[in-house]
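Below you'll find the structure, written out as structure tokens, and then a few comments.
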Amino acid sequence: MEAEPSEPGETTGPARSAKPAESAQRAEPAEPSEVAEPANFAAPAESTAPSESSDSGDSTESADLTESAEPGETAKTGAPTESATPGKTAESAPSTETTDPAKSAAPGETATPAESAAPGDPTDPTDPTERSSQLPLRAGWFGWRHRYPRTARAIGVGTSVLAGALLLVAMVMPDRLDRMTFQSFLRLPVELIVLAVVLLALPSRARRITAVVLGAFVGLSAVLKCLDMGFYETLARPFDLVFDWVLLNDAADWMKDSFGRSGEVFAIVGVIVLLLAVLAGSAFAMVRLSDVMARHRPTAVRTTLVLGVAWIMCFTLSVQVGGVTLATKGYSQFLSNRVKYVRDGLGDADVFKKQLTVDAFAKTPPNQLLTGLRGKDVLFTFIESYGRVALDDPTMAPEMDKTLTAGDARLKAAGFSSRSAWLRSPVTGAGSWLAHSTFLSGLWIKNQQRYRTVTTSTRATLTSYFQKTGAWRTVGIVPGVRKSWPEGKYFGLDNIYDSTHLGYNGPYFSWTPVPDQFSLESFEKLEYGKKNRDPIMAEIILASSHNPWSPIAHTIPWNQLGDGTIFNQIKKEGTNPTEVWKSAKRVRTEYRKAIQYSVDSLTQWVQRYGNKNTVLVFLGDHQPVPTVTGGTADRDVPITIVAHDPKVLDKISSWGWTDGLKPADSAPVLGMDKFRDQFMTAYAK
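Here the sequence shown stands for residues 4 to 688, numbered as in our numbering.
This is the structure we're talking about:
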């Protein structure tokens with residue numbers, strides 16, 4: 004390419020050299036062999052072609068350093084610099100400046116790299132901007148790491164620290180909220196050390212695959228711990244991997260009843276997003292740490308060895324921090340317990356099938372069953388969540404005592420007597436249907452598999468034995484049932500009145516479709532108050548004391564119940580469950596009020612509608628959630644038998660029960676599964 008002509012007045016060749024004053028400020032030119040190569044640049048290859056010079060015949064190797072691409076282009080490093088051929092001049096941009104040292108040099112002088120271009124010029128190989136532009140900008144975060152190396156390094160270190168912290172927390176985190184303390188996280192899990200040894204021993208490809216799998220597994224175990232926390236808070240037991248999946252649907256229903264449809268949807272979406280985030284985050288964390296260990300293998304090996312020795316010493320000496328053992332193998336124990344639960348759950352079916360066939364009354368003729376109650380109306384009534392805590396807790400007992408004392412007075416005024424004791428429920432916090440089926444079947448129904456097995460079997464229940472005699476009409480008042488309930492046939496009920504068949508047109512009270520007082524009034528109108536009827540055996544579920552106990556109804560004059568629309572105003576005056584559940588104290592208060600409402604409704608109904616043939620058996624189905632009980636493992640619930648005929652209570656005089664509606668602390672405690680046979684034995688004559 005030929006050189007472009009100079010602008011008028013522009014000098015070329017020797018005449019274009021710097022002014023004497025400027026030339027004097029320059030350092031003496033170095034020999035070509037002494038010119039320092041810019042950092043990170045390959046040394047320019049010497050040109051074998053004759054180089055173009057000004058008036059002097061000196062070779063100008065330094066021209067290779069000063070030649071650059073057009074503005075905005077990046078020069079290729081490490082490639083031979085193109086030199087001009089004879090007869091051609093190097094292409095340069097027009098300029099009117101003749102004194103810039105970077106543009107020319109005196110004849111015979113070789114420009115140093117610093118003089119080759121102005122500072123900041125993209126052609127300056129010593130400029131930091133030019134050096135960074137020579138690096139592969141697309142590598143790592145689209146070149147961001149190379150433009151801001153210190154920030155990128157800080158973020159990288161921080162990410163590695165967070166990855167390690169995430170895995171540590173997942174392993175040492177307790178599975179119960181009441182054990183969640185700061186000290187519980189100041190522990191060294193042996194499992195993390197073992198994982199480090201495994202990852203260090205594997206080759207690159209196998210190491211990454213193993214890291215992903217192990218990371219996801221650790222994430223799953225963290226999710227399981229969170230499920231355990233929820234189940235301990237509601238059922239006072241861990242999540243059962245075999246039987247409890249069906250309960251997640253009930254949890255969604257509870258969210259809808261407590262916080263509305265939008266609350267349920269947000270909760271479900273949030274859980275799904277959180278699950279995916281935990282799995283992805285734990286897998287990434289494990290891969291991140293494995294890569295860091297691989298890059299710094301000697302340091303990682305030494306660190307792992309030191310931690311292993313430290314763990315052995317701390318474990319041997321039982322070193323503790325704030326009362327918590329520093330060296331722990333709790334994660335392995337947690338996994339071992341889960342495996343045991345699963346194994347026991349899978350083997351439980353065979354054990355239960357053997358128990359299912361044992362029935363002391365299976366071959367008893369119908370005319371010999373329950374002869375001591377013939378002609379009586381027998382009402383088995385469950386009060387939801389009516390647990391021992393309502394009578395024993397110092398903050399609730401005084402008010403409950405007043406309610407039970409008032410109930411006793413009502414019953415005595417109507418000619419009734421009562422005796423009370425304790426039953427031990429198979430569940431706590433929730434799972435009412437398991438308690439009901441335990442009480443009626445005489446079998447310990449502790450999980451959903453047992454419930455499904457017994458309700459699809461021919462095992463007779465207390466209620467079906469009443470039906471089998473042919474001496475009673477059997478009915479069920481189940482206001483909490485809002486869906487089809489095929490299991491109802493198993494319990495031997497001739498007619499079932501669910502929430503849609505009680506004539507209620509009022510509002511829901513949180514989970515409760517029908518207030519207890521209205522359910523009892525409907526039972527009177529639909530069955531109990533009919534004239535010239537057969538004796539009735541009824542199973543009645545009072546659901547107003549079901550969690551979350553807000554808002555709750557209160558008793559009103561019975562002749563004002565109507566179709567239930569009067570409860571619209573009562574609900575407006577009630578409490579908001581969202582606000583109530585912000586305070587454990589308020590939850591306990593609302594729980595106590597709900598139990599009082601149920602007991603008042605029941606005793607008032609007996610006083611109003613009971614007669615000389617009325618026999619009432621009422622009990623709690625389980626203790627409330629740990630928010631109310633304070634995390635106690637006690638599963639006792641009160642049970643009371645009320646009768647107008649003294650002969651009815653005389654038949655249980657040997658049981659040692661307490662007179663009145665409140666059982667004494669020393670009253671007998673009977674397994675709920677034992678009541679059926681004991682009751683039928685007492686009234687078989």
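A virtual CB, placed ideally from N, CA and C, is assigned to each residue, including glycine.
Counting Cβ pairs, one atom from each stretch, are 3 or more of them under 8 Å apart for the region 206–215 and the region 340–358? no
According to the neighbour-count rule (16 or more other Cβ atoms, all chains shown, within 10 Å of its Cβ), is residue 106 buried or exposed? Any reading at residue 106 needs caution, since the residue's pLDDT is 41, under 50, leaving its predicted position unreliable; the model's value is listed next. Result: buried.
What residue from 312, 303 and 453 has the CA that sits closest to residue 354's CA? 453
On the three-state DSSP scale, how would you describe residue 573? helix
How big is the Cα-Cα spacing for residue 434 and residue 382? 22 Å
Going by C-alpha distance, which of 446, 545, 212 and 562 is nearest residue 484? 545
Relative to the C-alpha of residue 700, which residue among 470, 590, 520 and 493 is closest? In this structure the chain extends from 4 to 688, so residue 700 is not present and cannot be described.
Three-state class that DSSP yields for residue 427 in the structure shown: strand
In three-state terms, what does DSSP make of residue 659? coil
Could you tell me the distance, in whole angstroms, from the CA atom of residue 246 to the CA atom of residue 451? 6 Å
Which of helix, strand or coil DSSP assigns to residue 746: Limits of the chain in this structure are 4 at one end and 688 at the other, which puts residue 746 out of reach.
Cβ separation of residue 201 and residue 331, assumed to be a contact under 8 Å, to the nearest whole Å: The Cβ separation is near 19 Å, so there is no contact.
Per the contact definition of three or more C-beta pairs closer than 8 Å, is the region 463–478 in contact with the region 494–513? yes
At a cut of 8 Å, does the region 374–389 reach the region 531–544 through at least three beta carbon pairs? yes
With distances taken between CB atoms, is the gap from residue 447 to residue 441 smaller than 8 Å? yes
Close beta carbons around residue 85, own chain, < 6 Å, minus the five adjacent residues each side: Annotation note: pLDDT 41 at residue 85 (below 50); position unreliable, coordinate value reported separately. Within the same chain, residue 85 has no close Cβ partners at all.
Can you give me the start and stop residues for the alpha helix (DSSP H) that residue 350 sits inside? 333–359
Judging by CA-CA distance, which residue of 608, 627, 575 and 311 is the nearest neighbour of residue 587? 627
For residue 246, three-class secondary structure by DSSP: coil
Cβ-Cβ separation, residue 189 to residue 288 (assumed contact under 8 Å), whole Å: Not quite, the Cβ-Cβ distance comes to about 20 Å (not below 8 Å), so this is no contact.
Which of helix, strand or coil DSSP assigns to residue 39: Residue placement at residue 39 is flagged as unreliable, the pLDDT there being 41, under the threshold of 50; the coordinate-derived value follows with that caveat. It is coil, neither helix nor strand.
Tell me the DSSP secondary structure of residue 675 in three-state form. helix
How many Å lie between residue 427 and residue 164 at the Cα? 49 Å
At what residues does the alpha helix (DSSP H) containing residue 530 begin and finish? Note, residue 530: premise wrong, no alpha helix (DSSP H); not H, not E.
If you draw a straight line from the alpha carbon of residue 537 to that of residue 614, how long is it in whole angstroms? 15 Å
Proximal residues to residue 611 (C-beta, below 8 Å), its chain only, five neighbours per side dropped: 561
Residue 197 versus residue 285: straight-line alpha-carbon distance, rounded: 17 Å
Between the region 653–669 and the region 392–412, do three or more beta carbon pairs fall short of 8 Å? yes
Which of the three DSSP states is assigned to residue 668 in this structure? coil
Below 8 Å on the Cβ atoms is my contact criterion, and I expect residue 593 with residue 578 to pass it. Report the Cβ-Cβ distance as a whole number of Å. 6 Å
Whether residue 481 touches residue 500 by CB criterion (8 Å): yes
Minimum C-alpha distance to residue 523 - residue among 478, 513, 488 and 232: 478
For residue 194 and residue 293, which I take to be in contact (beta-carbon distance under 8 Å), what is that distance rounded to the nearest angstrom? Contact flag wrong, Cβ pair sits at about 15 Å.
Three or more beta-carbon pairs under 8 Å between the region 417–431 and the region 674–682, yes or no? yes
Pull up the DSSP beta-bridge partners for residue 407, would you. DSSP, once it has assigned bridges, lists no residue as partnering residue 407.
C-alpha gap between residue 371 and residue 463, whole angstroms: 15 Å
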